[in-house]
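Engineer: There's a structure below that I have some questions on.
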Amino acid sequence: MVDQAEGLRQMMREMGEETNAARAEKKQRIITVASGKGGVGKTNVAVNLALKFQEKGKNTLLMDGDLGLSNVNVLLGEIPRFNLFHVYKGVKTLPEIITPTRWGIDIIAGASGYRQLANLAGAERERFLLQFNGMEKYEIIIIDAGAGISDTVLDFVLYADEVLIVTTPEPTSITDAYGIIKAIAAEKKDRPVKLIINRCRDMAEGRKTAIHILDICRRFLSLEVENLGLVYDDPAVRESVSRQKPFTCLYPKHKVSVCLDHLAQRLLQLEPDKLPAGGIRQFFLNIFARQGS
Numbered sequence: 074m075v076d077q078a079e080g081l082r083q084m085m086r087e088m089g090e091e092t093n094a095a096r097a098e099k100k101q102r103i104i105t106v107a108s109g110k111g112g113v114g115k116t117n118v119a120v121n122l123a124l125k126f127q128e129k130g131k132n133t134l135l136m137d138g139d140l141g142l143s144n145v146n147v148l149l150g151e152i153p154r155f156n157l158f159h160v161y162k163g164v165k166t167l168p169e170i171i172t173p174t175r176w177g178i179d180i181i182a183g184a185s186g187y188r189q190l191a192n193l194a195g196a197e198r199e200r201f202l203l204q205f206n207g208m209e210k211y212e213i214i215i216i217d218a219g220a221g222i223s224d225t226v227l228d229f230v231l232y233a234d235e236v237l238i239v240t241t242p243e244p245t246s247i248t249d250a251y252g253i254i255k256a257i258a259a260e261k262k263d264r265p266v267k268l269i270i271n272r273c274r275d276m277a278e279g280r281k282t283a284i285h286i287l288d289i290c291r292r293f294l295s296l297e298v299e300n301l302g303l304v305y306d307d308p309a310v311r312e313s314v315s316r317q318k319p320f321t322c323l324y325p326k327h328k329v330s331v332c333l334d335h336l337a338q339r340l341l342q343l344e345p346d347k348l349p350a351g352g353i354r355q356f357f358l359n360i361f362a363r364q365g366s
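Residue numbers for the sequence shown follow our numbering, so the first one is 74 and each next one is one higher.
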C-alpha cells in the first residue's frame with residue numbers, strides 16, 4: 074500500500090511540468106458543493122450555480138459525485154447514456170461520457186464508479202488519469218458531492234480548490250452542517266470552507282443562521298468559516314424540479330435566481346490569486362494518493 078502511494082507521488086512529480094504548462098494557458102478551478110444531510114437543496118444549488126457561471130462566460134463542467142442519489146441529470150431533464158462506471162469497465166473513455174446539455178453546461182453523470190476507481194491498479198489509474206488530457210477547456214468544474222460524511226465525500230472536499238457547504242435554517246440541518254465542517258477540519262485544518270444558507274424566509278433568517286454556525290465553528294473548532302450568502306425559499310424551485318428544468322432558466326427574475334447570480338458573482342470576485350497546477354487530473358491524483366497511503 075505504501076509502495077502504491079509512493080508510485081502515485083512519483084507520477085505526480087513526473088507530470089508536474091506538463092500540468093504546470095497546461096495551467097499556465099488557462100486556470101481551472103474546482104469547486105465541491107457538499108452538505109451535512111440530504112434534502113437541503115444542495116444539488117439544486119450546484120446545478121444552478123454551474124448555469125450562472127456558464128452565463129457569465131465561464132466554460133463549466135458539472136460532475137455528479139453523489140453515489141446514492143444521482144440527481145444532476147434529472148434536474149436538467151437530461152438522460153445521459155454513459156457514466157463513470159463505463160470508464161471504469163473500459164467501455165468508454167472519459168471524454169466520451171461527458172454529456173452536453175441544452176442549457177449550455179456539460180455534465181458527467183453520477184454512478185457507483187467513483188467507489189470502484191479506488192480498486193484500480195497503478196497502471197490502470199495512470200491510463201484513467203491520462204484521459205483528462207483535453208479537459209483544460211473547462212475553466213470551472215463543479216462537483217456535486219453526496220450528502221453526509223463518507224470517504225468519497227471527504228475525498229471530494231479535501232482536494233477541491235474551494236468547498237461550499239449548503240445548509241438550511243432548520244436545527245437538524247445546522248447540526249449536520251457543523252458535523253461535516255468538523256470532519257473537514259479534522260483532516261485539513263487550513264481547508265477554506267464557505268457557507269450557503271438555503272431556503273431562507275428572509276434575509277434576517279439567513280443572517281441569523283450563518284452567524285450561529287460561524288460562531289460555533291469559531292468556538293469549538295477554532296475555525297473561521299466564510300458566509301458566502303443565502304438563497305431564498307421559493308415554490309418555483311419545487312415546480313422547476315417537477316418540470317425538470319433549472320429554476321434560474323425558468324424564472325430568471327425571481328429572488329431565488331437573483332440569489333444564485335449573486336453567489337456566482339461573489340465567487341468569481343473571490344477567485345484565488347493562485348490555483349494549484351494540474352486541475353482535475355491533479356485532483357484525482359491527490360485522491361488516489363490519499364486512498365493508497
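Yeah, the Cβ is synthetic: ideal placement off N, Cα and C, and Gly gets one too. Just so we're clear, the structure is a prediction, and the values are computed from it rather than from any experiment.
Could you tell me if N359 is buried or exposed, where buried requires 16 or more neighbouring beta carbons within 10 angstroms of its beta carbon?
Structural biologist: So N359 ends up on the buried side.
Engineer: Between E151, I152, I180 and T116, which lies nearest to T133 when the distance is taken from Cα to Cα?
Structural biologist: When each option's Cα is compared against that of T133, the closest is I180.
Engineer: Between M208, P308, A107 and L340, which has its C-alpha nearest D224's C-alpha?
Structural biologist: Of the candidates M208, P308, A107 and L340, the one whose C-alpha sits nearest the C-alpha of D224 is A107.
Engineer: Using a 10 Å radius around the Cβ and a threshold of 16 neighbouring Cβ atoms, would you call R175 buried or exposed?
Structural biologist: By the neighbour-count rule (16 or more Cβ atoms within 10 Å), R175 is not buried but exposed.
Engineer: So Y232 is in the alpha helix (DSSP H); what residue range does that whole segment cover?
Structural biologist: Per DSSP, Y232 belongs to no alpha helix (DSSP H) and is neither H nor E.
Engineer: Give me whichever residues DSSP pairs with N156 in a beta bridge.
Structural biologist: Bridge partners of N156: none, in fact.
Engineer: Go through its chain and collect everything with a Cβ distance to E278's Cβ below 7 angstroms, but skip five positions before and after it.
Structural biologist: Closer than 7 angstroms at the Cβ level, and outside the excluded window around E278, lie P242.
Engineer: What residue range does the alpha helix (DSSP H) around G252 cover?
Structural biologist: Its alpha helix (DSSP H) spans residues P244 to E260.
Engineer: Can you give the Cα-Cα distance for D307 and V329, rounded to whole angstroms?
Structural biologist: One C-alpha to the other measures close to 7 angstroms.
Engineer: Can you check which of these residues, L203, S313, K261 and L336, is closest to I269 by C-alpha distance?
Structural biologist: Taking only the C-alpha atoms, the option nearest I269 is L336.
Engineer: Taking DSSP as the reference, what is the three-state secondary structure of N271?
Structural biologist: In the structure shown, N271 sits in a strand (DSSP, three-state: E or B).
Engineer: Quick one: using the 10 Å Cβ neighbour count with 16 as the cut-off for buried, is T245 buried or exposed?
Structural biologist: Flag for T245 reads exposed.
Engineer: Using beta-carbon positions only, say whether K267 and V230 come within less than 8 angstroms of one another.
Structural biologist: Not in contact: K267 and V230 (Cβ atoms no closer than 8 angstroms).
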